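Student: Residue numbers (the working numbering): -9 to 417. One structure is given below, represented as structure tokens, and several questions about it will come after.
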Ligand code: KE4
């Protein structure tokens, strides 16, 4: 595959941008090689600067659920841009998107728009701490909630001690209040809550983990979190930045029937432009400035272009049968990959909820971060590069999700399965 222009651009990027990229995972460090520079995309396909084209299963890490450059999104944003790009004043558009979100997600009575998932989570945690007047946070290993300081924590030695920083530049003080437990581990979570409930403001969880590869919640996991938090006045925060409008129009909370106190959203609600959001019960959201004392602000919050793209995307997702079709396509792909791996004798564990898919090169099962890490990342890297050569773009990291869009055709799926069939044989 010719990659001369990408290589040239990467060399130049390295002169001006740390690691040559504006977000670490894009640098291909987890799979080796150099990143491809994308020129344009349409539907399920990406086109790079060297003229190569790929079926895209990254979809900008989730937002592009309608595929790239969906005609009605393009039209709406093209029209909106002629009215200027930002006012820093309220618009009818923001009211529309807020209404759509509260109608889609029953646990959200009020919602605040921000510009990224990180900002949404950071604000939701500040709000939970203000509402409960407690400082403690409990998160789960392998879950990622954006890069705010106190979430870049790892389990202290032995679960009893509080979090220690997992990244230079984060003062120990900032992660002291952050506890971590293994995802899906009800017993440990219960033990931590019993020990620390007096100081816990919230438990934050990706209801379907998407940042260690895809790991669905165990049978009673989410319901138990709900019961335990309720019993101790701890707020339950669902980080649905990935799962919101991905696995169901009402998010994972609608799929599993568990209502959190606060929900964080992002990605799909901006249709690929910068939007994040956090929302929940009026009684809690009423504390957010200027209605209440919890300060949070943003120059471009509710930006008219980003909100327009979000409104168009959610409107298209309301069409009957959209999620059923996404489910069918994704099931087709998973079946095909499973059969191909079996035929080639490659140990493959797949995890899937709707159109978000996990592919692990391990016997499995994969139920948490420890078991996800048993996956052979060297084999994943070979799989990634050989599929790339065949015009298929999976995530350049084992610990991400593969996504499908409404633009992926059955021909795309067939081509992907046929390619995987050939690739698995070499593994
Ligand atoms: P952003 O700040 O990147 O918009 O959102 C942070 C975030 C919060 N919560 C969850 C569950 C997330 O998955 C994310 C961001 N996801 C990563 C990859 N899975 C975005 C890709 C990147 O970091 O470049």
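Just so you know, even glycine gets a beta-carbon here, dropped at the ideal spot from N, CA and C. All values reported here derive from a predicted model rather than from experimental measurement.
(1) From 192, 141, 206, pick the residue whose C-alpha is nearest to that of residue 161; which is it?
(2) Can you list, in chain order, the residues of its chain with a C-beta nearer than 7 Å to that of residue 395? Leave out the 5 residues immediately preceding and following it.
(3) What are the boundary residues of the beta strand (DSSP E) that residue 101 is part of?
(4) Residue 481 to residue 6, Cα distance in whole Å?
(5) Are the CB atoms of residue 46 and residue 31 within a distance shorter than 8 Å?
(6) Among residues of its own chain, excluding the 5 on either side of residue 334, which ones have a beta-carbon nearer than 6 Å to its beta-carbon?
(7) Quick check: the Cα distance between residue 93 and residue 210, rounded to an integer number of angstroms?
(8) Any chance the stretch 192 to 204 sits against the stretch 225 to 237, with 3 or more Cβ pairs inside 8 Å?
(9) Mind checking whether the beta-carbon of residue 200 lies closer than 7 Å to any heavy atom of the ligand KE4?
(10) Taking just the CA atoms, how far does residue 185 sit from residue 169?
(11) Should residue 74 be labelled buried (16 or more other beta-carbon atoms within 10 Å of its own) or exposed?
(12) Quick one: what's got a C-beta closer than 8 Å to residue -8's C-beta in the same chain, skipping five residues either side?
(13) Over what stretch of residues does the alpha helix (DSSP H) that includes residue 418 continue unbroken?
(14) Along the chain, which unbroken stretches of the beta strand (DSSP E) at least 3 residues long are found entirely within the stretch 213 to 240?
(15) DSSP three-state call for residue 150: helix, strand or coil?
(16) Let me know if residue 0 comes out buried or exposed under the rule of 16 or more other beta-carbons within 10 Å of its beta-carbon.
(17) Looking at C-alpha atoms only, which residue of 344, 405, 358, 401 is the closest neighbour of residue 205?
(18) How long is the line joining the alpha carbons of residue 408 and residue 374, rounded to whole angstroms?
(19) Mind checking residue 163: buried by the 16 CB within 10 Å criterion, or exposed?
(20) Tell me the rounded alpha-carbon separation between residue 99 and residue 284.
(21) In this structure, what does DSSP give as the bridge partners for residue 75?
(22) At a cut-off of 7 Å, is residue 278 close to the ligand MG when judged by its beta-carbon and the heavy atoms of the ligand?
(23) In the DSSP assignment, find the unbroken alpha helix (DSSP H) run with residue 368 in it and report its ends.
Tutor: On the basis of the supplied data:
(1) 141
(2) 34, 49, 54, 55, 56, 57
(3) 100 to 104
(4) Here the chain has residues from -9 to 417 only, and residue 481 is not among them.
(5) yes
(6) 414, 415
(7) 27 Å
(8) yes
(9) yes
(10) 11 Å
(11) exposed
(12) 40, 41, 42
(13) A question about residue 418 goes unanswered here, because the residues of the chain that appear run from -9 up to 417.
(14) 225 to 229
(15) Its pLDDT being 49, under 50, residue 150 is placed unreliably by the model, and the measurement read from it follows with that caveat. Coil.
(16) buried
(17) 358
(18) 15 Å
(19) exposed
(20) 18 Å
(21) DSSP lists no partner for residue 75.
(22) Looking for the ligand MG in the displayed structure turns up nothing; the ligands present are the ligand KE4.
(23) 367 to 379
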